[in-house]
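Okay, structure first, notes after.
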Amino acid sequence: MISKNEIIEKAYQCGFGDIGFTTADPFETQKELLQERYQDYEWVFRAGLDLVAGTDPKQILPQAKPLLF
Numbered sequence: 000m001i002s003k004n005e006i007i008e009k010a011y012q013c014g015f016g017d018i019g020f021t022t023a024d025p026f027e028t029q030k031e032l033l034q035e036r037y038q039d040y041e042w043v044f045r046a047g048l049d050l051v052a053g054t055d056p057k058q059i060l061p062q063a064k065p066l067l068f
């Protein structure tokens with residue numbers, strides 16, 4: 000099994016400058032922020048980009064699963 004440290008090391012080797020881990024759960028606080036600031040982002044929604052849907056990783060990648068270490 001690949002360890003968390005191996006993933007971090009490989010990411011640095013590939014040129015990533017910032018590496019982190021999260022769950023595949025929705026980002027509720029980000030969703031709330033977007034809803035509170037809807038007027039600021041209204042132009043984005045009118046352009047066809049659903050930022051709120053992007054706060055749920057499974058909307059973008061339905062097979063997303065958390066990594067277990």
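Residue numbers (numbering that gives the first Met the number 0): 0 to 68. Just so you know, even glycine gets a beta-carbon here, dropped at the ideal spot from N, CA and C. Note that the structure is a prediction, hence the values are computed from the model and not measured.
* Using the Cα positions of residue 44 and residue 6, report the straight-line distance between them to the nearest angstrom. => 35 Å
* Quick one: what does DSSP say residue 29 is sitting in, helix, strand or coil? -> helix
* Counting only beta-carbon atoms, is residue 22 nearer than 7 Å to chain D? -> Protein chains in the displayed structure number just one, and chain D is not present.
* **Neighbour-count burial assignment, residue 32, 16 or more Cβ in a 10 Å radius** => Answer is exposed; the Cβ neighbour count stays below 16.
* Separation of residue 38 from residue 63, as counted between CA atoms -> 31 Å
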